[in-house]
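There are 2 protein chains.
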Amino acid sequence: MTDMVSLTKLRRIATPKGAVLHCLKATDAGFAGFGEAYFSVVLAAETKGWKKHNRMTLNLAVPSGAVRFVVRASKPPHGIVVDAVLSPDSDETYQRLTVPPGFWVAFRGVGAGESIVVNIASIPHDPQEADVLDLSAFPIPD
Amino acid sequence: MTDMVSLTKLRRIATPKGAVLHCLKATDAGFAGFGEAYFSVVLAAETKGWKKHNRMTLNLAVPSGAVRFVVRASKPPHGIVVDAVLSPDSDETYQRLTVPPGFWVAFRGVGAGESIVVNIASIPHDPQEADVLDLSAFPIPD
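Protein chains in written order, with our numbering: chain A, 1 to 142; chain B, 1 to 142.
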């Protein structure tokens, strides 16, 4: 368990029939419990956010496509903590993003077509524990 | 927790920026603990298998592409327990496949290009707990 936003490189094991891609083990430092796993599809050039979870730790990976994540601190001036593209296309970009409670998160599809985000969430979905702001609330740098 | 192979329809929540797709909650009947989440990519027309886990419960979903799963009983005549295509393309096919220990599993990419299987596994990967047979050991019906 952690209170830091972190990026962790993940293993990709190539096979002729298709790769095996690691995501999260219960013994990993970023693991904060299992409440729910779900996928968020994001279309090319679309941006989802801003959302701030107040109790959920997110463990995010991208098994298909490419997604840019921007994470901002909860307190003014809401500095950018992470701005990174996750994708399974290279060892450099195949990473897990761990976000403990209390950070603003937005993400944009930067692959062609649909990109897939998985969240191994520490608690089940609960709309009461998340705050939402319009995308225009904070800029996403070019 | 369960000792039965089961298919469970999952919710797809459409949004203009891309759908949210349910996968597994800790409170679901098929949940058997969280050991590891990983992805298995399967290319079109390729088949991975046969593998039988002796301690792991698999919770399988397909967030991208389309994958045919064939599950066979461990004891002769190794009857087919499930033969189903999973894909996020329709409410009918967007399902979770739960496989408790002791069944032979194979799966084939039946979408175009890469299809993605996620396994929310009840224990971390342990090559000692799984048996493997050549694909030719059991037929996959046409």
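All residues carry an ideal CB built from backbone N, CA and C; glycine is no exception.
Any C-beta of chain A sitting closer than 9 Å to the C-beta of residue i?
| i | result |
| --- | --- |
| Glu-129(B) | no |
| Pro-100(B) | no |
| Leu-124(B) | Here residue 124(B) is Pro; the residue named in the question, Leu, does not match the sequence. Interface residue, yes. |
| Lys-52(B) | no |
| Ala-66(B) | no |
| Phe-92(B) | Before going further, note that residue 92(B) is Glu rather than Phe in the sequence given. Chain A contact via Cβ: absent. |
| Thr-8(B) | no |
| Lys-48(B) | yes |
| Leu-24(B) | yes |
| Ala-61(B) | yes |
| Gly-18(B) | yes |
| Ser-74(B) | no |
Any beta carbon of chain B sitting closer than 9 Å to that of residue i?
| i | result |
| --- | --- |
| Ile-116(A) | yes |
| Gly-111(A) | no |
| Thr-57(A) | no |
| Leu-43(A) | yes |
| Ile-140(A) | no |
| Val-85(A) | no |
| Phe-69(A) | no |
| Gly-30(A) | no |
| Phe-103(A) | no |
| Ser-136(A) | no |
| Pro-88(A) | yes |
| Ala-37(A) | yes |
| His-97(A) | Reading the sequence as shown, one finds Leu at residue 97(A) and not His. Leu-97(A) does not count as touching chain B. |
What would DSSP say about residue i, mapped onto helix, strand or coil?
| i | result |
| --- | --- |
| Ala-130(A) | strand |
| Ser-122(B) | coil |
| Ala-37(B) | strand |
| Ala-137(B) | helix |
| Phe-31(B) | coil |
| Leu-10(A) | coil |
| Val-5(B) | coil |
| Val-110(B) | coil |
| Lys-25(B) | strand |
| Thr-15(B) | coil |
Could you check how far apart the C-beta atoms of residue i and residue j are, in whole angstroms? I think they sit under 8 Å.
| i | j | result |
| --- | --- | --- |
| Pro-88(A) | Ser-122(A) | Actually they are not in contact, since the Cβ atoms of Pro-88(A) and Ser-122(A) sit about 23 Å apart, beyond 8 Å. |
| Thr-93(B) | Val-105(B) | Thr-93(B) to Val-105(B), Cβ: 18 Å. No contact. |
| Val-110(A) | Leu-97(A) | The Cβ separation is near 14 Å, so there is no contact. |
| Val-70(B) | Ile-116(B) | Val-70(B) to Ile-116(B), Cβ: 18 Å. No contact. |
May I ask you to check if the CB of residue i is nearer than 8 Å to at least one heavy atom of the ligand SAH?
| i | result |
| --- | --- |
| Glu-46(B) | For the ligand SAH, the structure offers nothing, since it holds no ligand at all. |
Complete runs of the beta strand (DSSP E) confined to the region 40–96 of chain B [at least 3 residues]: Look at the region 40–96 of chain B and you find these whole runs of beta strand (DSSP E), each 3 residues long or longer: 47–53, 58–64, 67–73 and 80–86.
The region 8–27 of chain B / the region 76–83 of chain B touching (three or more Cβ pairs under 8 Å): Touching, no.
Stretch pair the region 126–136 of chain A + the region 37–48 of chain B: three plus CB contacts closer than 8 Å: Look at the beta carbons and you see the region 126–136 of chain A not touching the region 37–48 of chain B: under three pairs across the two are nearer than 8 Å.
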